[in-house]
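What follows is a short report on a single structure.
This is the structure we're talking about:
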């Protein structure tokens, strides 16, 4: 079932009570050009909220996450179904200190419903409508329009009108993500490589212009640490993994793992890699593998089915960027080789899956001689499990191939590297973290 995402801006924040107000969904066109059907979606939202309420004995009316990741940011405290305006309004309480700081500073700009499409169809006007089946509400930092704002209710009761933090990097990353989705949907990474590279050039050129703006003295991005957001990441994540002592590439893999899944897990994965005597590239790969394993472990209840593709793409992109940081200008050929290998492994896995499926069919027609029903059922189950495993391996290798291919397309030339050599390595590493993640 396809993954559902819909962005709705935050409208009000109550500082004293840590409450955030906004819409969960509305019968309006979303970022994908689709419309959520209010009438058919409302019963599913009521069912979702009632289930959460029963499991928490009325303490929560819905689960609140951060960036659709494995971070429990808080809970939904009120939900209202506005039949007149065909929208679902919510109030959420943010209990996580780090996530609340991002709300206060305008980093988080809205809510996003997470779940699946229960139904999709084309209405009489030719528009695509859908029924949403929610599994969570998440705080997100998708970029808003320049005039977007929210009301900040201070502890003394006064109301202040504030603007959201504009994130140019988020816009670029969102566009890059869309290009990666197009490549993934094509089903043939090799044939679309050149087309994707051309599309990426425009994004890279604008990213370069954005970096030049960031270097200017009056740049808002240059002064972003005035709100303390960079200090949060440095103190609570970078310092916790002792990032200044890590090698380039290795530091990115460990840092991104720490931000999204906690510094304790990241440090443990890093320690295991160091004990094995891994070099920086081997350590980065090992950390990313452990991160994927952790994601699978926490999503046994169906979370991977809903969010796994997005999580997997992020880890694959992080892994590819780490290789880029380690090898510099030489990363292009290396990433190209890795992309071809990953694509090759993907094709081999698909062939094995097809063969396994065929073997399962044969086994069904010709039972084991002298066997019984339960033995045949057990063998059939093993065959099905093998097919699923092979297809998952195929998907994972294809994601790695796409990530490596995208990074290979943007590896800077040696001349660019020479110009960047005037900047200290530690500053460059932090800048890459800030830009990419």
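In the working numbering, the protein residues as written are 480 to 916. C-beta: ideal position from N, C-alpha, C; glycine also.
Could you check where the alpha helix (DSSP H) with residue 517 kicks off and where it finishes?
Mapped onto the chain shown, residue 517 falls at position 38. 517-534 is the span of the alpha helix (DSSP H), which, as asked, contains residue 517.
Tell me whether residue 755 is buried or exposed, calling it buried when 16 or more other Cβ atoms sit within 10 Å of its Cβ.
For the purposes of this step, residue 755 is taken as residue 276 along the chain shown, with counting starting at 1. So residue 755 ends up on the exposed side.
Nearest by alpha-carbon distance to residue 791: which of 768, 806, 804, 803 is it?
In the chain shown, counting from the first residue as 1, residue 791 sits at position 312. Closest option to residue 791, Cα to Cα, is 768.
Buried or exposed for residue 495, please, with buried defined as at least 16 other CB atoms from any protein chain shown within 10 angstroms of its CB.
The residue labelled residue 495 in the question sits at position 16 within the chain shown. Answer is exposed; the Cβ neighbour count stays below 16.
On the three-pair Cβ rule with 8 Å, is the region 516-531 touching the region 601-620?
yes
Please report the straight-line C-alpha distance between residue 743 and residue 564, rounded to a whole angstrom.
Within the chain shown, residue 743 is the residue found at index 264, counting from 1. Within the chain shown, residue 564 is the residue found at index 85, counting from 1. Taking the straight line joining both Cα atoms gives about 46 Å.
Where does residue 488 sit, in a helix, a strand or coil, going by DSSP?
On the chain shown, residue 488 is found 9 positions in, with the first residue counted as 1. Note: residue 488 maps to strand in three-state DSSP.
One question on the structure: do residue 596 and residue 618 come within less than 7 Å of each other, judged by their Cβ atoms?
Counted from its first residue, the chain shown places residue 596 at position 117. Counted from its first residue, the chain shown places residue 618 at position 139. No, these two residues do not count as a Cβ contact at 7 Å.
What first and last residue would you give for the beta strand (DSSP E) that runs through residue 717?
Locating residue 717 in the chain shown gives position 238, where the first residue counts as 1. Residue 717 -> no beta strand (DSSP E), and no H or E assigned at all.
Exposed or buried, which one is residue 492 when buried takes at least 16 other CB atoms within 10 Å?
Translated into the one-based positions of the chain shown, residue 492 becomes position 13. By the neighbour-count rule (16 or more Cβ atoms within 10 Å), residue 492 is buried.
Taking the CB atoms as reference points, tell me whether residue 759 and residue 724 lie closer together than 7 Å.
Mapped onto the chain shown, residue 759 falls at position 280. Mapped onto the chain shown, residue 724 falls at position 245. Result no, Cβ atoms of residue 759 and residue 724 do not sit closer than 7 Å.
Using 10 angstroms around the beta-carbon of residue 753, count the other beta-carbons present and answer buried if the total reaches 16, otherwise exposed.
Here residue 753 is taken as the residue at index 274 of the chain shown, counted from 1. So residue 753 counts as exposed.
Just mark residue 550 as buried or exposed, buried being the case when its beta carbon has 16 or more other beta carbons within 10 Å.
Translated into positions along the chain shown, residue 550 becomes position 71. Around the beta carbon of residue 550, a 10 Å sphere encloses 16 or more other beta carbons of the protein chains shown; the residue is thus reported as buried.
I'd like the list of long-range same chain contacts for residue 612, defined as Cβ closer than 6 Å, with 5 residues on each side in sequence excluded.
Counted from its first residue, the chain shown places residue 612 at position 133. 523, 594, 595, 597, listed in sequence order.
Quick one: what does DSSP say residue 746 is sitting in, helix, strand or coil?
Here the question's residue 746 lines up with position 267 in the chain shown. Three-state DSSP puts residue 746 in a helix.
Would the beta-carbon of residue 543 fall within 7 Å of that of residue 616?
Within the chain shown, numbered from 1, the residue matching residue 543 stands at position 64. Within the chain shown, numbered from 1, the residue matching residue 616 stands at position 137. Yes, they are a contact pair.
Select from 554, 800, 505 the residue whose C-alpha is nearest the C-alpha of residue 571.
Taking the chain shown and counting its residues from 1, one reaches residue 571 at position 92. It is 554 whose Cα lies nearest to the Cα of residue 571.
Can you give me the start and stop residues for the beta strand (DSSP E) that residue 551 sits inside?
Residue mapping note: residue 551 aligns to position 72 of the chain shown, counting from 1. Counting along the chain, the beta strand (DSSP E) containing residue 551 begins and ends at 551-561.
Using DSSP with H/G/I as helix, E/B as strand and the rest coil, what is residue 539?
Residue numbering aside, residue 539 sits at position 60 when the chain shown is read from its first letter. Three-state DSSP puts residue 539 in coil, outside helix and strand.
Note down the Cα distance separating residue 836 from residue 528, rounded to an integer number of angstroms.
Indexing the chain shown from 1 puts residue 836 at position 357. Indexing the chain shown from 1 puts residue 528 at position 49. Any reading at residue 836 must be qualified, since the residue scores a pLDDT of 41, below 50, and its modelled position is unreliable; the value itself is stated next. Straight-line Cα distance between these residues: approximately 40 Å.
What residues in its chain sit with their C-beta under 6 Å from that of residue 798, if we drop five residues either side in the sequence?
Here residue 798 refers to the residue found at position 319 of the chain shown. Hits under 6 Å: 767.
So residue 737 packs on residue 745, CB below 8 Å; how close in whole Å?
Locating residue 737 in the chain shown gives position 258, where the first residue counts as 1. Locating residue 745 in the chain shown gives position 266, where the first residue counts as 1. The Cβ separation is near 4 Å, so the contact holds.
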